[in-house]
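Protein chains in written order, with UniProt numbering: chain A, 1 to 288; chain B, 1 to 276; chain C, 1 to 450. Structure, as structure tokens:
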């Protein structure tokens, strides 16, 4: 690179962003490794070694937290990929009402998570909620969506998908629309049907979109907190607790060191799953 | 079945599904906001005997010394300030990151992209902000929103920047432009499509943000809309009409944004994310 | 060229700084605006030569606390026109605990704040964060039994801003009459009453586990019975010698909760505190284990139905040893960082006076006796409060709840009691997990012997 170019593309452009990003994000991330080893009141700390981690792993509900975090991420991510792809294909096709459907599907992504959480928890009320009232009209006794510990997490995950599928759909629409015309023309010459078109052109060529959706939705799922907190606060009992909600509870209790240890664990958990996943996906992309 | 018939079937089914899945919840929210407390408590879709939306709106606004007005102001301030800072700093950073390749580049990219994956360390951030005197201040929260939104915006900007030919830069340099003049007078205007995508998506994210105000801006003087909504759930107990009026009011700003920028969003995504 | 780029950097930084200071300045602008308002408002008292002082008071956002806070502030400012009090509210429950802790830890607590007494106070690190009131004359107005719950390390930190609160069982008298039931003297009699109500269309017990804190009541209100069997439990518990899981009398509290499984309303997990009170008043449920601070709420929302509500202490196994578990009043504290310690103390002295207590009973129904000497309950308190008085008036028929006798209380109890009450976990298991949770709390507080 020439000297002139170095001058034009000066690193001074990075300075404002770097100041904010380093102070507010990078520094606290590194500090968290230290503070997770302390008993901490914000004003002073006492080094206690790995005690916080031991306590955290002894938490009887932590294993539930790990399992729930993983299930939640996989379920929401999987459904968003499948439904997003289907909707993406449908909404780039010949439907006359596709603009209407695009708007409708995308709208929930713009509504506040808390508002969505409150609305759905009211609709999922076991006796007076809209969903079960409707079911009982057809003679079906609906379950206690958020109160039954074995389905509460899935109920929240469904609402998450309802809210987030619009975003996945838009990514897929963008991906499918950027597939060059000549592929379809070639298909017409070969005489393949629409199933053929989906399987041999759209699916492989929207691969980058799939990767974006998987990574964004999976990481989002692993870190999710606000919808769960607005709908169940981790309950009943601990049955919808995820790592992020456990961290928040420790923070609420004033156990700052312990909460930070939880943060470090989440950090490792997310990194161990997300970095290899993204590497795996991008390598596949290159092979294609 | 004929091709046309099949198309029509799909259309009818998808409209029916869209009504059940999307319009009914929205209708439920609006309807409950029209009702009186007793009817709202029944949580059903019956048409109210009296429509008292206006009275409900007034009650929600007056509640707790006009807390909602304060919250609207705070949320707007937070969103606008964060967006301005965010677009400026991340487009600048993306410019150099996309254009310049040297030994430091992979490291910079790594640290920025790590921000997309790593969950923020909350309590240490509080500690740092408190040390700087920024905890519980709007400034502090704006900085947090900027730091957390930065990686995503850089990614979009960088993707789009790749579509702007380098020839433009070279021509500008020949004309005697410096780096900053080149960027602000030529490149930044060319980024307009992706800038508007970022403004819309990030405005919605920040406006709807619940977690960061919860952690970094506690206190009833500086509540944001999402926090009022969350707190109202414990205070409006048995006044579902007011709670849903609040939900309705909070949904209006994103709705307006949506109506104006609906097309832009998809266009911007096509331009930015996938190519990036 | 070089100069230009530096200029641009500066411009950018200035832009940034300008934006930031714009919003910083805004905050100042707000507070500036309100102080000028103060001066205008208190013009009438220009005869006062004392310097104007503004205290800020933090209360939780329940209507009751706000009413009390407003009434006390108003009456106090009338007597001391140079001191104005500004009210700020915070969330309730664990969210509120967190709010208070964060404010104290970051050194910007309001001058005066209302908060729980007992173990929750101990978790605030009072000796470091709160103003010591020891030796103040107004403490002499308070009952001896109250002072320990606002003390730490021999220093006193708070004064009561409410009456004391009883924990036990509310019941609907109409339902009791209709089914020919009588107030149970033992746990077995209570269970028999519940059995008679099963299948009658009313919920034998109302549960409101959507508000998780309400699920703890049966365990916590059983403490009188624990203390009867194990008088030393609180001390041994604090010293890490006694455990819930291994002390039969204490484990019994969890088991009692376990025995109530199946007697609750069907939508137990989706019901809120507020809905539960409505169900009790309207006769959709027969019993509601709750703290007596629910009385003013019921009276406010259902003034016609308040006389249908009665109250009894949670019974033990011996009909001759029935007694009440009592929650000491929440208290007002002064932050150690206050700039106006003298004025804040004046305010606390006012709260702790008979006059203060009268103002409090003027805006809210007392939920039990006051701990201010000479402060009497008004004669027109509803019957449900009168139901509690025999326990208070007799010798040895009350015991403070455990959280006022021991600083250790685990934060996880409410989730565990939800699980037990909803039949998701056995009482024995929950008691053992709670012991672990308590150990965690003691460790985080750095208590001796854990």
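We put the beta carbon where it would ideally sit given N, CA and C, even for glycine. Just so it is clear, the structure is predicted and the values come from calculations on it, not from any experiment.
Scan the stretch 34 to 56 of chain B for residues whose Cβ lies nearer than 9 Å to a Cβ of chain A and list them as they occur along the chain.
When CB distances to chain A are screened at a threshold of 9 Å, the residues of the stretch 34 to 56 of chain B falling below it are 41, 42, 43, 44 and 45, in chain order.
Would the stretch 207 to 227 of chain B and the stretch 74 to 90 of chain B be scored as touching if the rule is three or more Cβ pairs under 8 Å?
By the Cβ criterion, the stretch 207 to 227 of chain B is in contact with the stretch 74 to 90 of chain B, since at least three pairs of Cβ atoms, one from each stretch, lie closer than 8 Å.
Whose C-beta lies closer than 7 Å to the C-beta of residue 146 of chain C among residues of the same chain, with five residues either side of it excluded?
Closer than 7 Å at the Cβ level, and outside the excluded window around residue 146 of chain C, lie 160, 328 and 371.
Would you say residue 302 of chain C lies against chain B (beta-carbon separation less than 8 Å)?
At a cut-off of 8 Å, the C-beta of residue 302 of chain C has no neighbouring C-beta in chain B.
Quick one: list the residues of chain A neighbouring residue 461 of chain C, beta-carbon separation under 8 Å, in chain order.
Lying before the first or after the last residue shown, residue 461 of chain C is absent from chain C, which here runs from 1 to 450.
Thinking residue 230 of chain A and residue 172 of chain A are a contact (beta carbons under 8 Å), I'd like their distance in whole angstroms, please.
Here residue 230 of chain A is actually not in contact with residue 172 of chain A; their C-beta atoms are around 27 Å apart, not less than 8 Å.
Within 8 Å of any Cβ in chain C, is that where the Cβ of residue 130 of chain B sits?
It does: the Cβ of residue 130 of chain B has a partner Cβ on chain C nearer than 8 Å.
State the Cα-Cα distance for the pair residue 197 of chain C and residue 447 of chain C, rounded to the nearest angstrom.
Between residue 197 of chain C and residue 447 of chain C, the C-alpha separation is close to 46 Å.
Using a beta-carbon distance cut-off of less than 8 Å, what residues from the stretch 29 to 48 of chain A approach chain C?
From the stretch 29 to 48 of chain A, only 39, 41, 42, 43 and 46 have a Cβ closer than 8 Å to chain C.
Contact the stretch 400 to 418 of chain C vs the stretch 209 to 218 of chain C: 3+ CB pairs below 8 Å
Here the stretch 400 to 418 of chain C makes contact with the stretch 209 to 218 of chain C; the two share three or more CB pairs at distances below 8 Å.
Would you tell me roughly how many angstroms separate the C-alpha atoms of residue 96 of chain B and residue 32 of chain A, rounded to the nearest one?
Taking C-alpha positions only, residue 96 of chain B is separated from residue 32 of chain A by approximately 30 Å.
At which residue ranges does the stretch 62 to 150 of chain A contain complete beta strand (DSSP E) runs of 3 or more residues, listed in the order of the chain?
Within the stretch 62 to 150 of chain A, no complete beta strand (DSSP E) run reaches 3 residues.
Who does residue 95 of chain B pair with in a DSSP beta bridge?
Beta-bridge pairing links residue 95 of chain B to no other residue.
Do you know offhand how far residue 37 of chain C's Cα is from residue 60 of chain A's?
Low confidence applies to residue 37 of chain C: its pLDDT is 35, below 50, so where it sits in the model is not reliable enough to give any reading.
Using the three-state DSSP reduction, which class does residue 334 of chain C fall into: helix, strand or coil?
Strand.
CA-CA distance, residue 65 of chain B and residue 125 of chain B?
CA-CA distance, residue 65 of chain B to residue 125 of chain B, rounds to 31 Å.
For the putative contact between residue 90 of chain B and residue 154 of chain B, defined by C-beta atoms under 8 Å, what is the C-beta separation to the nearest angstrom?
About 5 Å separates the Cβ atoms of residue 90 of chain B and residue 154 of chain B, confirming a contact at the 8 Å cut-off.
How would you call residue 440 of chain C, buried or exposed, if buried means at least 16 neighbouring beta carbons within 10 angstroms?
Buried, by the Cβ-count rule.
In the DSSP assignment, what residue or residues form a beta bridge with residue 166 of chain C?
Answer by DSSP bridge pairing, in chain order: C/326.
Note down the Cα distance separating residue 204 of chain B from residue 149 of chain B, rounded to an integer number of angstroms.
Whole-angstrom Cα-Cα distance: 12 Å.
Residue 286 of chain C by DSSP, collapsed to three states: which one?
Strand.
Measure the beta-carbon distance from residue 171 of chain C to residue 286 of chain C and round it to whole angstroms, keeping in mind my assumption that it falls under 8 Å.
With a Cβ gap of about 6 Å, residue 171 of chain C and residue 286 of chain C count as contacting.
Is it true that the CB of residue 71 of chain B sits closer than 8 Å to the CB of residue 224 of chain B?
In this structure, residue 71 of chain B lies closer than 8 Å to residue 224 of chain B by Cβ.
Per DSSP, what are the beta-bridge partners of residue 256 of chain A in this structure?
Residue pairing of residue 256 of chain A in beta bridges, as defined by DSSP: absent, with no partner found.
CB of residue 261 of chain A within 8 Å of CB of residue 53 of chain A, strictly
Between residue 261 of chain A and residue 53 of chain A, the C-beta gap is smaller than 8 Å, which places the two residues in contact.
Using a Cβ cut-off of 8 Å (strictly closer), state whether residue 135 of chain B contacts chain C.
Closer than 8 Å to some Cβ of chain C, the Cβ of residue 135 of chain B qualifies, so yes.
For residue 411 of chain C, would you say it is in contact with chain B, using Cβ-to-Cβ distances shorter than 8 Å as the test?
Residue-level contact check: residue 411 of chain C does not touch chain B, since none of the beta carbons of chain B fall below 8 Å from its beta carbon.
Reduced DSSP secondary structure (H/G/I, E/B, other) of residue 311 of chain C:
Residue state for residue 311 of chain C is assigned as strand, using DSSP reduced to three classes.
Counted within 10 angstroms of its Cβ, other Cβ atoms place residue 248 of chain A as buried (16 or more) or exposed:
Per the 10 Å Cβ criterion, buried.
Which chain B residues are close to residue 128 of chain A, counting only those with a beta carbon under 9 Å from its beta carbon?
41, 42, 43 and 44, listed in chain order.
Classify residue 256 of chain B as buried or exposed, calling it buried when 16 or more other Cβ atoms lie within 10 Å of its own Cβ.
Counting Cβ neighbours within 10 Å, residue 256 of chain B comes out exposed, since fewer than 16 surround it.
Taking the alpha carbon of residue 406 of chain C as the reference point, which residue from C/123, C/96 and C/52 has its own alpha carbon closest?
Per the Cα distances, C/123.
Pick from C/205, C/315 and C/223 that is closest to residue 262 of chain C, judged by C-alpha positions
Taking each of C/205, C/315 and C/223 in turn and checking the Cα distance to residue 262 of chain C, the smallest one comes out for C/205.
Classify residue 84 of chain C as helix, strand or coil using the three-state DSSP reduction.
Correct three-state label for residue 84 of chain C: strand.
Where residue 365 of chain C falls, given that 16 or more other Cβ within 10 Å makes a residue buried
Classification for residue 365 of chain C: buried.
In angstroms, rounded to a whole number, what distance separates the CA positions of residue 295 of chain C and residue 61 of chain C?
Near 17 Å, if we compare the C-alpha coordinates of residue 61 of chain C and residue 295 of chain C.
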